[in-house]
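Encoded as structure tokens, the structure appears first; notes follow it.
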Ligand code: DC
């Protein structure tokens, strides 16, 4: 497919650890289109809140508004850039994961990031992954997928990833964190994690990365 012939927007939603980013990155490379990791954007905001000592409580509302007004998030060369600095690695800690999930429930944060995301997907082909892409950010996406896997398999994948980076968290702790985040992400009032009515469900439990990538490519090329 020549991505310049026609704009295609692919929305990939699903819970933490379902493999969305690995798959979306591979699909983007195969189709020659941009990959936008919206979870990394919530992580960037969470990371900055931790650094500036801003909590999600109402008492910090004014400070958060001020912080968001001077926050610039962009992607370049496969990296996420927060206020001019590459922050790929520092946003993958359990502490930032928790803050990203907590701050993603705040209307002020979602408003800012959803607007940025809509602009990023405005006039070019993209594959964007997150929780509310097919239901909210790109409602009219040409292709929508909802990717999931059992909590145990997702925890095992995340545990392996963290252990390779030297993180000491136990498998039980990672599983418990994943379940808490699932609960947080799918029960929040604003744009909760939900499968869009017109999204294709992909349960990746027991599937290899290649199998999932090929499945998506087959749908898109059809
Ligand atoms: O995909 P991730 O685990 O890196 O996302 C981090 C957090 O950001 C996750 O707990 C939920 C939130 N998020 C969201 O609310 N909406 C999105 N479109 C993407 C992520």
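In this note's numbering, the protein residues as written are 51 to 272.
Glycine is no exception: its CB is placed at the ideal position from the N, C-alpha and C atoms.
**Asked** Roughly how many whole angstroms lie between the Cα atoms of residue 259 and residue 109?
**Response** Residue mapping note: residue 259 aligns to position 209 of the chain shown, counting from 1. Residue mapping note: residue 109 aligns to position 59 of the chain shown, counting from 1. Residue 259 and residue 109 have their C-alpha atoms roughly 44 Å apart.
**Message:** Could you tell me the alpha carbon to alpha carbon distance between residue 211 and residue 228, rounded to whole angstroms?
**Reply:** Within the chain shown, residue 211 is the residue found at index 161, counting from 1. Within the chain shown, residue 228 is the residue found at index 178, counting from 1. Roughly 14 Å separates the two Cα atoms.
**Prompt:** Does the ligand DC have a heavy atom nearer than 8 Å to the CB of residue 235?
**Reply:** Locating residue 235 in the chain shown gives position 185, where the first residue counts as 1. Answer for residue 235: yes, Cβ within range of the ligand DC.
**Asked** For the ligand DC, is there a heavy atom less than 8 Å away from the beta-carbon of residue 70?
**Response** Here residue 70 refers to the residue found at position 20 when the chain shown is read from its first residue. Yes, Cβ of residue 70 sits closer than 8 Å to a heavy atom of the ligand DC.
**Request:** Count the other CB atoms, across all protein chains shown, that sit within 10 Å of the CB of residue 255; report buried if there are 16 or more and exposed otherwise.
**Result:** As a first step, residue 255 must be located in the chain shown, where it is residue number 205. By the 10 Å Cβ count, residue 255 comes out exposed.
**Message:** Looking at the strands, I want to know which residues DSSP matches up with residue 252.
**Reply:** Within the chain shown, the letter at position 202 stands for residue 252. Partner(s): 197.
**Request:** Could you tell me if residue 79 is buried or exposed, where buried requires 16 or more neighbouring beta carbons within 10 angstroms of its beta carbon?
**Result:** For the purposes of this step, residue 79 is taken as the residue at position 29 of the chain shown. By the 10 Å Cβ count, residue 79 comes out exposed.
**Item:** Buried or exposed (CB count within 10 angstroms, at least 16 for buried), residue 96
**Value:** As a position in the chain shown, residue 96 is number 46, starting the count at 1. So residue 96 ends up on the buried side.
**Prompt:** How is residue 59 classed by DSSP in three states: helix, strand or coil?
**Reply:** Taking the chain shown and counting its residues from 1, the one referred to as residue 59 is at position 9. Residue 59 falls in the strand class under three-state DSSP.
**Asked** Should residue 243 be listed as close to the ligand DC, given that the test is whether its C-beta is under 8 Å from any heavy atom?
**Response** If you number the chain shown from 1, residue 243 lands on position 193. Correct: residue 243 has its Cβ closer than 8 Å to the ligand DC.
**Asked** Can you tell me the Cα-Cα spacing of residue 128 and residue 85, whole angstroms?
**Response** Taking the first residue of the chain shown as position 1, residue 128 is located at position 78. Taking the first residue of the chain shown as position 1, residue 85 is located at position 35. When rounded, the distance between both Cα atoms is 8 Å.
**Prompt:** Which whole-angstrom value is the C-beta distance of residue 184 and residue 63, which I expect to be below 8 Å?
**Reply:** By one-based count along the chain shown, residue 184 stands at place 134. By one-based count along the chain shown, residue 63 stands at place 13. Under the criterion of beta carbons closer than 8 Å, residue 184 and residue 63 qualify as touching, at roughly 5 Å.
**Message:** Applying the 10 Å Cβ sphere with the 16-neighbour rule, what's the burial state of residue 218?
**Reply:** As a position in the chain shown, residue 218 is number 168, starting the count at 1. That one is exposed.
**Three-state secondary structure assigned by DSSP to residue 53** = As a position in the chain shown, residue 53 is number 3, starting the count at 1. Confidence is the limiting factor: at residue 53 the pLDDT is only 44, short of 50, which leaves the residue's position unreliable and the question unanswerable from this model.
**Request:** Please indicate yes or no: does the CB of residue 130 lie closer than 8 Å to some heavy atom of the ligand DC?
**Result:** For the purposes of this step, residue 130 is taken as residue 80 along the chain shown, with counting starting at 1. Not under cutoff, so the answer is no.
**Item:** Test item: CB-CB of residue 199 and residue 225 under 9 Å
**Value:** Start at 1 with the first residue of the chain shown, and residue 199 comes out as number 149. Start at 1 with the first residue of the chain shown, and residue 225 comes out as number 175. Cβ distance not < 9 Å, so residue 199 and residue 225 don't count as in contact.
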